Structures are given as C-alpha cells and as structure tokens.
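Below: one structure, written as structure tokens.
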Amino acid sequence: MVKRSRGGLSGRTKNLRIRRKLTVSDRVREFKVGNPVLVSVKPRIEGMPAPRYHGKYGKIVEKQGSAYIVEVKDGKSKKRLVISPIHLQEVKQ
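And the structure:
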C-alpha cells in the first residue's frame, strides 16, 4: 500500500508554530512602498506564501487590496509574491 498524503502543510505546521496569538494590529499593519520586510509565515492560510519563503527578505513593490506585493530573490531570479500583512515583519535599517 501507498502512504496517503495529508496535504501540503502536513509536517510543516510544527515548524511554523507561533508562541503568541495574532492580534488585530498584526492584521491591519501598514507598510510603505520600498520598505524592506521579512517574510515570516504564520500558520494562517489567508494570504500565506509558500513555506519555502519563510525567513527571506524582500522589498515591498506595491499594495494590492489589503495585501502587499513583495519582491523576493530566489536564487538568481526575482519573484513577486502577494502576501497578507500577517506574514510580514518590518526590518529596521
């Protein structure tokens, strides 16, 4: 028999665990275009990028609805990700 799949996040949610509850200010956080941000994936599905981008740094390119488009380097290429503000942290320069 073949072992059944338990979904794309099975086994990864343990790594994405957070120690505190998400607050309202986490959801309505505002960023400016051009700000550097850290992609910190939380175990919430809405606006969540792929877990492989967890810990990557990027730059905010534009705002799309309540989410942000973030440009992240993936090897030699640049990727544009649509990410909810829950999964972003501002980087101090």
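One point on numbering: in our numbering, the residue at position 60 of the sequence shown is 60, and numbering is uninterrupted.
Think of the CB as a built atom: it goes at the ideal place given N, C-alpha and C, for glycine as much as any other residue.
Every value quoted in this text rests on a predicted model; they were computed, and no experiment measured them.
Reference residue i; option with closest CA among the options
i	options	result
V82	V39, G75, T23	V39
K73	E62, V28, G55	G55
V61	R80, R29, A50	R80
Q93	A67, S84, K59, V2	K59
Beta-carbon gap between residue i and residue j smaller than 8 Å
i	j	result
V91	Y57	yes
F31	V24	no
D26	I86	yes
Bridge-paired residues (DSSP) for residue i
i	result
K73	K78
Between the CA atoms of residue j and residue i - distance to the nearest angstrom
i	j	result
E71	Y53	11 Å
K63	E46	16 Å
Host alpha helix (DSSP H) of residue i (start-end)
i	result
V24	24-27
Boundaries of the beta strand (DSSP E) in which residue i is found, first to last residue
i	result
K92	It is not in any beta strand (DSSP E) - K92 carries neither H nor E in the DSSP assignment.
G58	57-64
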